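Residue numbers (the working numbering): 22 to 214.
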Amino acid sequence: GTMNVAFAITQLYSSAQTVTEVPEGMTWLGNTFELAGNPVAYGVVLMVALYLATWFWLRDTASGRHVYAVGNNPEATRLIGIPTDRVLLGVYVLAGLFYGIASLLSVARTGVGDPNGGQTENLDAITAVVLGGTSLFGGRGVVLGTLAGAIVVGVLRNGLTLMGVSSVYQVLITGILVIVAVTVDQLSRKGGR
């Protein structure tokens, strides 16, 4: 619902045209600096900082543990006095913030505002999370696993692009990866019972 509304608004605002005159302040995250003789984008530094901050928050704070508890069993979490609605709202707000940052990173990387851009990123994000070990059925998952999954998806996408594989087939392959990962997760859950 909300994603479709946002997509429609961007189409209407931009008249479905790519915005090529992006303010320089929105592209600096795509710039690089030298680290041990290698170029590193500022956006990569931001991504690593966000992963580390999220990892610390989920692992070492009470509110982070509440997120895992709500994901594992929301009813039991509510019964012991944790405000599950507030935890869920906080997670959704944080997710929205991260989506906004990801959008800024996309603009910084490409130098344009494309209202049609990012159409497959939802699938890539789900694939990264599932490959990283997060269960779509709740209660399991770690931030560093998600980072590993994101690296796998990124390497896969780049490799397929370098091989000249059509974007349609890339989406197909990514979808198959999600199905396989969810199937393995479901089978492991049944085996653990």
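Quick reminder that beta carbons are idealized off the backbone N, C-alpha and C, glycines included.
From a predicted model like this one, the values you see are computed outputs, not experimental measurements.
Closest in alpha carbon position to Gly-64, among Ala-74, Leu-73, Gly-51, is Gly-51.
At the C-beta level, Val-199 and Ile-147 come within 7 Å of one another. Judged by DSSP in its simplified three-state form, Ala-57 adopts coil rather than helix or strand. The beta carbons of Val-91 and Val-108 sit about 5 Å from each other, so the pair counts as a contact at 8 Å. Taken through DSSP and simplified to helix, strand or coil, Gly-134 comes out as strand.
Segment contact: the region 191-211 against the region 91-107, fewer than three CB-CB distances shorter than 8 Å; contact not assigned. Residue pairing by DSSP puts Ala-62 in a beta bridge opposite Thr-53.
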